[in-house]
Structures are given as structure tokens and as C-alpha cells.
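Report on the structure given below.
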Amino acid sequence: MTWRSPLALVRDALQGQRARERELRSLVSNLLYEGLEKAKQPNRFFLSNAIKTTKYSLLLFLPMNLYEQFHRFANLYFVGIAILNFIPVVNAFQPEVALIPICVILLLTALKDGWEDFRRYQSDRKVNNTPCFIYSRYKQYVERRWKDVRVGDFVRVVSNEIVPADLLLLYSSNPNGVCHIETANLDGETNLKQRTVVSGLWAANLGFEPESFNSVVVCERPNNNLNHFKCFVEKPDKDKVGASIESLLLRGCTVRNTNHAVGFVVYAGHETKSMLNSNGSRYKRSKLERKLNADVFFCLLLLFTMCLIGAFGHYLWLESLPGVPSFLVPDSNGHLDVPSLESFYMFITMIILLQILIPISLYVSVELVKVGQIFFITNDIDLYDEETDSRIQCRALNITEDLGQIEYIFSDKTGTLTENKMVFRRCSVMGTEYPHKENAIRLDVMDEPESEEEVIFNQHQQLPRTRWSLESEGISPADTQQHGRRRKSKVAANAHSDVAFSSPLETEVIPDQKLLQQISRAESSGGRRDGNRNFDPHLDFFLALAICNTVVVSMENAHRQRVTGAFFQRNKWNRTRSEDPVIDSAKTENEADTNELQTCSLHPPSQNGSTIAEAEELCYEAESPDEAALVYAARAYGFILLARTPDSVTVRLPSGEDLVFEVLDTLTFDSNRKRMSVLVRHPVTKDYVLYTKGADYSIMELLGTPYAENVSGIEKNIAADTQYHLDCYAKDGLRTLCITKKVVSESTYQSWLGERKRAQAAMECREELIMRTAVQLETNLTLLGATGIEDRLQENVPDSIVALREAGIHVWVLTGDKPETAVNIGYACRLLEEEDLVINMSCKNKVTCTSNLDCTLEEVRRYGDDLRNIGTTQNISLVIDGNTLDIAMSPDLQQRFIELTKHCRSVLCCRVTPLQKSAVVKLVRDKLKVMTLAVGDGANDVNMIQAADIGIGISGQEGMQAVMASDFAISRFKHLKKLILVHGHWCYTRLANMIIYFFYKNVAYVNLLFWYQFFCGFTATTMFDYWQMIFFNLFFTSTPPIMFGIFDKDVSVEVLQGVPELYRTGQRKGEYNFLTFWISILDAFYQSLVCFFIPYLAYQDSDVDLFTFGMPLNTAALFAILLHLAIEIKSWTLVHWAIMLGSVALYFVVTLAYTAGCVTCNPPSNPYWILQSQMADPIFYLIVTLCTVVALLPRYSPPLCICRQLDRMDPSTRDQWIKEWRGFRGGAPAKRYELPDPPSPTLETPVDFFPDFLPDSDFMGDDLSLNVIAESRQRAVHT
Amino acid sequence: MVKEEQEESPNRPDNTAFTQQRLPAWQPILSASIVIPMFVLIGAAFIGVGVALFIASRDIQLQELDYTGDDSAHPCYKCRSSTEKCTCSMTFSIPNLFKGPVFFYYGLTNYFQNQRKYGASKDDNQLYGDLDYFKDPSSSCDPYTLDSRNIPIVPCGALANSMFNDTFSLSHVVNGTQKIVPLNGKGIAWWTDYNVKFRNPSVTPLINAFNGTKKPTNWPKPAYELDTTDVYNNGFINQDFLVWMRRAALPDFRKLYRRITHDDYVNGLPAGNYTLTIEYNYPVYSFNGRKKVVLSNVSWMGGKNDFLGIAYIVVGSMCVVMSIVMLIVYAKFKFAEDD
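Here it is as C-alpha cells:
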């Protein structure tokens, strides 16, 4: 350690600060400076790779933790009061004793924080000590720890290893300079992504030589954007090479399918993108907690009132004394203060005395209860998904009870309501529709067994083996014998199917015979004639399907594995032994593992055996499920995507010929363009061909001039026919894509290429420039055809939606799909019902929109008032598209729009952007002041999820971005039903009741002291020993409410799920509201009056002494408070009994021990032998019994809770009862849950829960002038 | 693979009754068939207890004699404002035998012994016989810690200083002559106070322990001379002192003065005329208080108090009435259901 002057240190620190703050960083290799002291290192200013996520250090834990804790107002309040106690004129207890409760609370919280921090420390240490390989000048690659990695180092990563820092990829063992990574740790996406080596840094003939790296890497300041990175490498000859996210290996990713790769560390430790992205668990304040704080404030007011009464009373008492009696103690100088000053002191003393009116342990208890509630939610087996082997995750820890108050649910469609498993259904090529009937039958067959999980699994398993054919519709008896075994292996099998979007459902497509003939005809009729510029459009269509995507092909046998502990170990061992490619071990590992899910295709008849085997090995890894579905569809027709490198695509044609297309550029998908294109050079024709696929509306307007002209050319017909087919597809609920082609001339390409390169090298607004170049090229397209892809509904979605709606929740679905598709899905998932009145709002400009809105609103109101509709139904649903939504949400119309939606049972918004989704949520939330919940699965739902009170992410096929932003993460939509209706209800009722009880408990107990003030001259005397007062709140009565908050079950799962209407209790009024709060406060007053005045009257005119008088009061209060809770507890389990009886036992044991052991320990109070002597007196028991009974008698005015009786019934009668209940709706029992505002249409609705009860009402009146979609849906609602 | 088939996924939640919140639970249902009998039972039991309490309380005899003397006709009127030693006597008659053992109480009204500062004004360690605290009493006794010449006061504090110092004697008029009723001053304080909480320093004679201390200003005699007849009734373990130091819970209170357990009065006070002679010292004018003497006997439930018995009877009757009302409602409800 060399000595350095402090000045130099300061200067260094400032320099470092500046270097880190700079917009651009220049980094050089560390190798040239290896072995030099730290001050000479060029990259010394940048953070090292060691991470520290702990909040505290060992030394500073106490001050820092205390500082954090004192941010909570309640803690400050209690400490302030404890400090007040140190002022002699106002103290009420011994000062030291007064500190105990707050110290215990602070200590408990500190212990909890400390433990959490220790866990973080341990995990940090583990990560920091993970081994990795750093290049050294002397020894090539040496093994070091992650924490030793510095910016400017060269790090080598091998297959299946996790990247230790953000690396600029300089070398890959892959000959194409590609490195595959899996970003599952970052965003959960399991598909492989390609990263490419920064090109042009090494002379082609020379190998990769870290020592010779003398360029300067200039990169931007670290940011948390995982998808963007701007950087260039400046070579010694001042030549600049640009690099982007395409060349960056992010910390936390796993290297796959690449033997080894070497990267240059650009960001390390906390500056890496993954670390900048991880920002702990979210803190949200729940609605209940906000209300709680308001009530704490009410309690403060109450406390002040009581203290004022005390002070005033003391003043009057002093004034009424004619002289100076011997019991009036002057201060130490023998001097008495004037009554007004005395009473001022008394005011403060009273605050100290009555401070526990504000429940000190409430906040800690609420936190504990939430921990317990979250434990039960995450452990619910019904919320566990076997397929993905995932439980529900609670990411926000303190809003569980908000789940019980949801009034609006905003749901995404794709991936949330649907599986997001895209299945190719049908296509239209050159204006001819190919219905793929056989394919449809196949899918229907797969549909049927969905009711029974076991069977569907059997199907999934069976299909690959039997080479599915139309004849094998039935399941052979032999299969069923194997159910048991398969069912067991289901979880295991699924854990292994890492390949995204590759279940047999998605991979197998049965070609349409007509289209197959068409293709073979095209092929034979000289589609391959050299130099023929008119390549047959049918072939082109499938080529486009195969090429125009970003699907990565990987071979089955090289298929990656999850890194397990053992595997990791083995790798290390391999590595240290030799430089052998580690991939070998991966191979052997895989061979040992039988591949559970083999992807396979149905081969067209024209294919021969050898290609089948080869093609079967292929695995397609797509970023979006649509792409995979299209590639699989193309494969079914013999257009097999064989390989993809950054600059070439290999496709096998049905004839068996392999074509290698040179990929010139990929215009990637973005949500503005809603399309993607691939520019390739055709190997045969040498044409520059642009294949574009995208949403129909974004493509149709880009079609070439022939389509736009007003002549009836063949192209025009094709466009019209295709559009017609597209509409049909949409009506069937299919997702549509248009496929187009464009041949680009050499000159156009060259000029465009120049622009493109400029755009890519730009440092500023690169994305925008790149997008602009993309738009430039995508014009004058030639329409090839369209595809219809089905996205199937998840199981139990209709059931869940119906239940949620019956629970009084407004369900909105926000989707980017076309209105037709959306409406169709809406019917399928029973968001819309056959008999619904569906209002379709779609208008071009504001004027029509305004009038439309006004007249619709008028109609809706009239409809609601219409006598014929009273008592029947008011099922109005709104379908609105993105454009109209934008207009309707403009400031002057939004009020009317909201008014309209209030009348609607469900709302379906189509073609909305992510931004609109969050805007809708915010609008509803702010305007209606309701609790909102947003559920979604993709990156486009993140805004919405964050805008809502509760965000729920579905960990589906589209990665983890939604989950990362969410408060709760579930794996299926159906879980929402139990999560909200059962857990939400429970969490809310439990917590609400517990909080009310807490307030009650403290008020009841404190008031005993208050009443006593009337009999002691308002001098703040306590008739309890102070230790007992502390114990009372800290031990004797603290666990039962916590247990109540965690375990109580007011209504059972079955009833809650069977009668969703029960959920409405929590929504607006709920258990915890103004009324219940004040009723419980009044009850507390009553009970404290009883508990005080009965002993008072009983001991009147006797020789009872102070603490002897206090003991029955204390005991009676304990029993009243505990039995009050016992009445509140709806179901008693062993835990309940143990805790309740334990609390009583603890009271007696502790008090007996304390009164026996404490002779002079706690002056001035002296409780020695009090309880013992009282327990020998029968009067004590008589008083306690009487107090308890009289205090609780009003609570026993028998409330006949129907639902509690319901629970007692055996299941069959209960079901019968629930049926009757539903039959009665609108009758007396349901009225209890009726909400005056907003009108809940489901309330009087005839029930549809049991299909037999479905009314055949077909009331969609013709007289209504509304724009009604009178669609009669013939399709049976499946699932 | 085989292994994995058999193993449950570690991520799968445990399917136990506890984690799935399906623990067997008892759900108390407040149905009429349970509530009504329960109410009847509680009502009956309460009425029973109430009657017993009421009878016990009714059987207790009570004789109260107010000797404040604010009425000019009262024999103690002269002592009210007198600063010197003053004695007055009152006569009363007992019509029937006053069953023994008879408890002799003195009572004060409007005296706030339960005042917080007053209650704190003592030194428990001093009273526990710790000599260190004789020299240097706790500051909690202020301003009754040191006298004007800075000599520590023992026992210190307002509580001790304000000790009740009226004395009484009772005589029975038998055939015109006054026969002194022997008053037993033993065992009137709590056993624990006498034996555990309060202790004299283990110095003999006791007076030596009090060297260098002063008696409380209001006291006529120092602590070691409280009872000249009994060595074991002196200092801090003097029974009257102990009774006084146990602070009353309410401003109107009585404290046990003596018990009548000896000689001819073992079975109680016979009918006849009695004279109560009061040595009137304690001033009550400054707090508008009253002083009285109470003679009472006790039952298993303590002194005379009708409240508890009546309360039990009332609550019990309410329960019964409520159960009847419920029965009527229930019957109606039942009939409605049958329709």
C-alpha cells in the first residue's frame, strides 16, 4: 500500500465522479497496464464487478435502521411521547419503563430488516465469488471470481455459463461470429437470441489476440434499457466501427450453443444493465392502509378530546378544593402551581397516559399478517400450475387486501385470456381461400378432452408417436393404461420443454390437399425455370413464411440444457482438465436424457425418408409465437427452414433442393409499423426480394399502385378477395397476417443501402432513422396472401369471467386485435353474451363521435328506465376501437364516455396501443375513484399493469416483462378467479376485521384508565401496574388478532367460489368503513364503561386499595377483549384454540409470577401479591364474569348469517342451496349485496351459471336505434 | 428420469391441511336452538348467584357514625377547627345483636389518596428497611424528603406524612357504666405488607436506626414510637401505618381500624347503647371531606354491597326475557318457513 496524499485522493474521487457522469465513456484494454498500481489504471474510475445489494453495513446498521424506521410517523409519535415522559412535571410513568414498548417495536422491526439484509449479503457473496475466466498477459485465461472482473478486461465465457458482466462480444467460437444467449434470467424469454461479434476489428487472417487490442471502446453512459446499447470502437487508425445491443452480452444471460466466446467488459457490477434493472420489491400503499391512516388521525382527535377533558377536569377539581389538603403534593420547593398551569401539565401527562389509544403495534401486526397471508396465497395448490411448474408470486408484499376490493378489471387478450399458443388454421393465397378442413378437425379433436386434464396430456404425448392421422381419432385402450405413468411424468416433461412455442399443438399442421396440389403443380410447371422473374406466387408465399421471420434454428441434439448445480460442477471440471469443447459434455448429457418432447412434423407425401429424419431434428426458436406457427406451417408444405445465420437463410424446397438466400437486411418488427420485412437476394434469380408480413391494415395501404387504381385488374380482385377472407378470419376469432413481396431493383437497393448505413452509424436518434429507412423501402408491395392463426382460449376463462362479473366486477378487455376478432373472442370467453345489447362505437372524427356518444348515452339511459327492462336485464356491452377511444378520452368527452361505460357490463377496446391501455386504466381509476386491477402477459401490458392499483402479470409465452412490472404473477387466467374471489375476499375481511378489532381493543382498554380519571381528580393515576399495561398490549392480547388476521375464514372456499356475489361486500362498503369503525369505537366505549363501572359499584364504600381494584378491571377487560374476538372468529381451528387459551394462560401465569416476584421492583406502584389475594376472593370471579357477560351481551343478539349456516350443510345440500340462491337472485337475499351506485346489471340478471337455467330470452329489440352488432353466433362455445 | 417421475416438483406447494387452509374447523353457529337454551341457562345461573349475593349482603349489619362535626349540634363540632388536642364522644344504640366478628372502620370522603403524585411520594426502599435510604431518601418523596435543616425525614413522602391520626375507643353502656370494648389491632393489615413489603431495619433497639432522621412533620410521634405497647407494631410495620400506606382506590373510602374479637364480644356486639370516643386530630376542612366510623360484619362476599346481587339478578332476568323474545321470533320464523 503506497501512501497517497489526501488531496490526491480527493482529486481522484472527483475525477472518478466526472468520468462516470460523462455521456460517453472511452474504455481501453487493461492488458497493457497489467500489474501496474491502481492509480495508473486507465479504467480505475469505473465500478468493479463486485455487487452489494445490502442496505446496511455491520457498523452502521443501528443508526441507519433507526433512521429508516423513524420515517414512519407512528414511531416518531411514540418516541416523542416516551421522551415527554422524561420531563418531570409531566411524566406519567417512570421514564425508563415508558420506553419499553417503542423499543420492543423498533427492535422487532430491526431484527426483521437485519435478517433480510443478511440474506441479501449471503446471496451477494455467492454471486461475487462465482468463478470466471479473465485473460491475463502472462497466463492466457486465469480463473478469477466475478468480483475481480473490471471494466476493460477480456472475459471468456463458455457454453452454459452465465455472463459475469456486460461484455462487448469480440470473438466467438462459432465460425459465423455468432453467439447464442438465453436471457431467461433477465426477462424470462427462453428462446435463443443471437449476438454477433463486432466486425472489422481483426484482420481476417489473424486470430483473436487480446494483447493486440489497442482500440478505444466508446460507449454511452450506463442505462437500464435492455434493448438498446450505443457504442463504437475506434481503431488506432481512427476508423470507427459501430456496435449495438446486437454485440452485447448482458450480465446474467446464459451462453448457449456456442462453445466459447470472449468479450470486452464495458459495464461491470452495478452499472450493468441487469443490475440497473433490478429494483427490489415494489412498495405500494393499499387502500385499506390509506383509510387506516385516516382513522389513526381520528383516534388522535379522540385522544386530544379525552386529554382536554382530563385537563379541564383537573382544573375544576383543583378550583373546587377549599384549602390545601394533605394529599396535594407541592413541587420540590414546597410550592404549588396555579390550577391553570397544573392543568396544562396534566394535558400533556394525559397524552402520555392515554397514548396507547393509538395502537402502537398495529403497523407491525399488519405487516406480520400480510406476511402470513402471502404465505397462504403462495402456498395455495390451486394457484399452482403444473404445466409450467410455477406458483403464484407475490411481488408486492403489502397490497393483499386490495385484492378483495377490486371493481374494475382490465385484461389483455392475447396470452391472458388466450393461450398465446398460435396454431396455423387457414390461409388465403392469391385470393383463393384454403380452409384446411383436416387441420381444423385435428384441432377440434385436441379440444375435446380439455375437460379432463389427464386425457389431454395423453393426447399430447401420443400424437408424436402415432403420426397423427384422421383415422386415429379415438384413443386406443392401450393408451389409457399408461395414463398414470404419463401424468406423473407430465411435470418433468414440461420442465424439459424449454423450447418456446413448440408443443405438438403448434408444430403440426395438416396441409390442405388443394393447396398441396397447387404447389406441386407450380413446382412442376417450371417454377424453378432459371431466370424466370415470375416465381409462382404460391411458392413465394411459403418462402415468405419460411424466410420472413427471426426464427433461430437449432438442432435437437445440440439442444441446450438448464444449468443445474451438478452440471455446472462438471463443466468446471472439464474445463480445468483440458480446453475441450464443453459442448461435448452437454451432448452426452442430452443423450442420456431421453427427449421427452420431440418435435416432429407431418411430412408431405412427396418427401423421402432421409429428409424427415433430418428435419425432425430441427427446433425453431421464435421470439413470437406467430412466427413459429408460420414456420411450422411452411414446413408442413415442405418449405423447411434449415438454418439461419446473420446473413443467410437456408430453405429446403418441397423438391428437396436447398436454397441459400443471402439476407441483406432485416427490418425488424416495431409497434408503429406493425410489420417486419426481410430483404434477401434470391439465389436463383439474383433478384433483391423484400418479403414483408404484418397486420392487414398496415399492409393494405402499402400495396402497389395496381391495387389502388380504380380499374378491375386481377390484383384488385386479389386484394378484395383477400380482404374478404381476412374479415372472415377475424370473425372466426383468428389473428390475421398479410404476406407480401416486393422485388427491389439494384439501383434502388444501392441508394437505400447508403441511407441505411448512415442511419445505423448514427449516434443520435438511431432508432428513428432506422425506422424511417424501413418505411422507405416498404412501399408498392405485392400481395401474396394472408394467414389466419388461431389463438385458443385458456381453460376455464369463460367460467372465470362470468364469476368475476357476477362478483360485481366490471371487466374490460383491451386488445390490439381487430374489432371482429375481439368481438368473437369476447363471445367465446362470455365477456359478451348472446342476449347482450352490444354497442359498437367506431367513428372517424370528433363531431360524429360526440353525437354518437350523446345519443348512445341517451339510449342507454332510456333503456335502463324502460319499464319492460326493469327487473329483467340490463346487459349492455360496449365495443370501441382505438381511434374512437382516443377521441372519447379527450378532456371534454371523457366525462360522457365514463358515464356510458358505467352503464356497460363489459367493455371491449380493440386496436389499442400500450399507451392507450394505461390511459384507459388511469382515466377510470381517477374519474370513478375505484379499485382497478390490470392483468396482462406481455411487454405491451406493462404500462397498464403499472397504472392500475393492482397489476397482475401472467407468466406466459411472452417473457417476463409483465411479471417484472406486476404485483402478483400468476400463470393462468383462471387463477384470477380464486385469487380475487377467495384470497382477495379473505385477505380483505381478515385484515379489515383485524384492524377494526385493534382499534376497538386499544380504545376499550385505554378508556378504563380514562373513566378512572373522574375518580382520582384527573391526576393521571393508573390503577394497573405499568408493567401489566405494557404486557397487556405486548403479550396478552397481541397474538390473537394476528392469528385472526391470518387464519380466520368467514366463508369457505366453496361458497365464495359458488356465490361470487359475496365478493361485493368488500368492494365499496366493506367490513372496514366509516360506520363499522365508529360502531366498534362506540362498542369499545360501552364495554369499557361496563368493565369500569361494575367493579366501581361493587367496590364502592369498601376498603379496597388501588391495585386490588385494578386487578378485576384488568382481568375483565382481558376476557371481554378476547371473547369479543372469539365472537368475531368464524371458524375455530386448533391454532385458534391454542392461541386463545394460551393468551389467557399467559396472562395468569405472567401476572401471578410478576405479582409474586416484584416486591419493590417497580416503585411507586407495588403490585405485590395482588392477584393472589384477589384469586382467593370469590367476588373477583363474580365481578369478572358479570363484566364480561354484560360487555358482550349486545354482541350476542343473534345474527343469523346465512352463509355460515351454509357451511355447515353437507356438500350436496349446499350445492342445492347455492342453486336456489341463484334462482332467487333479485329476491330478498340478494338485496343485501345490492349497490345503489353504480347500478350492477348482473344483479337482476337471470342466471347463466347453470346452463339449465339459461333463459331463452331473445330480447334484442329491433326498435332500438343503436348500432347493434346483431351477430348470431353459430359456433358453439368451446372449453 | 425415473427418479424425476416419482418426485414431486419442489416448487409445488405442499398439499397439507395447514397450507391449504383446510384445517378441521369448528364453526360456532348461533342458531336459535343453541342460543335460546344458552340464554336460559345463563339467565338462571345469574339469577341464582344474584339471589345468593343479595341475601348475603342483606344479612350484613352496618352501623355508620359521621363525626365530621360540621353541624353545630354535633358533639364533635368544637373539635372541627380546634388546633389543640380535642376529644369528643358520640353515643349510639344497637337494637339487635351485632354479629361478630365486628370490623371497626374509619371512613373518609373526598380524600384523594389515589392522586398520582401523592401515591408516588414515598420511598419503597426506605420502607423495606434499607438504611441507605434513611440517610438519603429518594427524591420521589419531595418535598417531604428533608426538613428545613436538611435532615432526612423517615418515613419520607406525602403519603406517610398525611397519615390518619384520629384515635377511637368504644365503650358499651352496661347498667349505666361504661365498659370498654376491647379493640384488636392485630392482623388488620395485609399479611404480605406486614411480613414482606415493609420491614424495619434489623437494628435493635429500633430507635438507633432512626438516628439522624426526623419524623414526618405532621406526625406527633416518630415512627418507632407508634405503639408503645407492642415492639412488633412499631416502625414501618405498625398496622395502622400499613393500612394507611395501602392507598384507597376511590376518594370515598374506609379503612380498617380495629376488629372486635375479644372477651364478651367474640360473638358480636350485644344490643344496647354504646359510646364512641374520638380523639379528633385529622383536618378534613381543606378538602371538603367527611369522617366517619363504620361498624360492620362481613360475609363470604365481603362487606355490605347490594349492587352485585341486584346486577346479577337484572342481567339474569334480561337473559331470560331475551330468550323468550327470541323464542317467539323463532316460532314465527319457523312457521313462515313451513309455508
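Chains as they are written, first to last, in numbering that gives the first Met the number 0: chain A, 0 to 1278; chain B, 0 to 338. Ideal Cβ placement from N, Cα and C applies to all residues, glycine included. Since the structure is predicted, the reported quantities are computational estimates derived from the model, not experimental observations.
Range of the contiguous alpha helix (DSSP H) that encloses residue i
i: G1065(A); result: 1063-1066
i: I546(A); result: 536-546
i: D123(B); result: 123-126
i: R115(B); result: 115-119
i: S319(A); result: 286-319
Residue-chain proximity (residue i, chain B), Cβ-Cβ < 7 Å
i: G322(A); result: yes
i: K369(A); result: no
i: F1108(A); result: yes
i: V1005(A); result: no
i: D1082(A); result: no
Cutoff 7 Å: residue i Cβ touching any chain A Cβ
i: P200(B); result: no
i: N280(B); result: no
i: Q20(B); result: yes
i: F286(B); result: yes
i: A43(B); result: no
Start-to-end residues for the beta strand (DSSP E) that takes in residue i
i: K740(A); result: 733-743
i: V173(B); result: 166-173
i: Y256(B); result: 252-259
Nearest-angstrom beta carbon gap, residue j and residue i [assumed within contact, 8 Å]
i: V837(A); j: H902(A); result: Not a contact, Cβ separation roughly 13 Å.
i: P419(B); j: Y132(B); result: Residue coverage of chain B in this structure runs from 0 to 338, which leaves residue 419(B) outside it and unanswerable.
i: F339(B); j: Y223(B); result: An answer regarding residue 339(B) cannot be provided, because it is not within the stretch 0 to 338 covered by chain B.
i: V196(A); j: L169(A); result: 6 Å
i: S1295(A); j: E522(A); result: Nothing about residue 1295(A) can be reported from this structure: the residues present for chain A run from 0 to 1278 only.
i: Q125(B); j: C155(B); result: 6 Å
Assigned secondary structure, residue i (DSSP; H/G/I helix, E/B strand, else coil)
i: D13(B); result: coil
i: L396(A); result: coil
i: F1147(A); result: helix
i: T216(B); result: coil
i: S647(A); result: strand
i: S553(A); result: strand
i: W1168(A); result: coil
i: H681(A); result: coil
i: G784(A); result: strand
i: K151(B); result: What sits at residue 151(B) in the sequence shown is Pro, not Lys. P151(B) falls in the strand class under three-state DSSP.
i: D880(A); result: strand
i: C140(B); result: helix
i: A642(A); result: strand
### Task
Would you list, in chain order, the members of the stretch 239-252 of chain B that have their beta-carbon closer than 9 Å to a beta-carbon of chain A?
Only those residues of the stretch 239-252 of chain B whose C-beta falls short of 9 Å from the nearest C-beta of chain A are listed: V242, R245, R246, A247, A248, L249, P250, D251, F252.
### Message
Tell me which residues of the stretch 93-124 of chain B have at least one Cβ-Cβ distance to chain A shorter than 7 Å, keeping chain order.
### Response
Hits within the stretch, in order: Y104, Y110, F111, Q112, N113, Q114, R115, K116, Y117, G118, A119, S120, K121, D123, N124.
#### Entry: Residues in the stretch 1116-1150 of chain A having any Cβ partner in chain B nearer than 9 Å
Answer in chain order: A1125, I1126, I1128, K1129, S1130, W1131, T1132, L1133, V1134, H1135, W1136.
### Query
Relative to chain B, which residues along the stretch 1046-1079 of chain A have a C-beta separation below 7 Å, given in chain order?
Per Cβ criterion, the list reads K1048.
#### Entry: Interface positions of the stretch 155-168 of chain B facing chain A (Cβ-Cβ less than 8 Å), listed along the chain
Contacts with chain A (Cβ-Cβ distance below 8 Å) from the stretch 155-168 of chain B involve A157, N160, S161, listed in chain order.
### Interface positions of the stretch 305-325 of chain B facing chain A (Cβ-Cβ less than 9 Å), listed along the chain
Hits within the stretch, in order: F306, L307, A310, Y311, V314, M317, C318, M321, M325.
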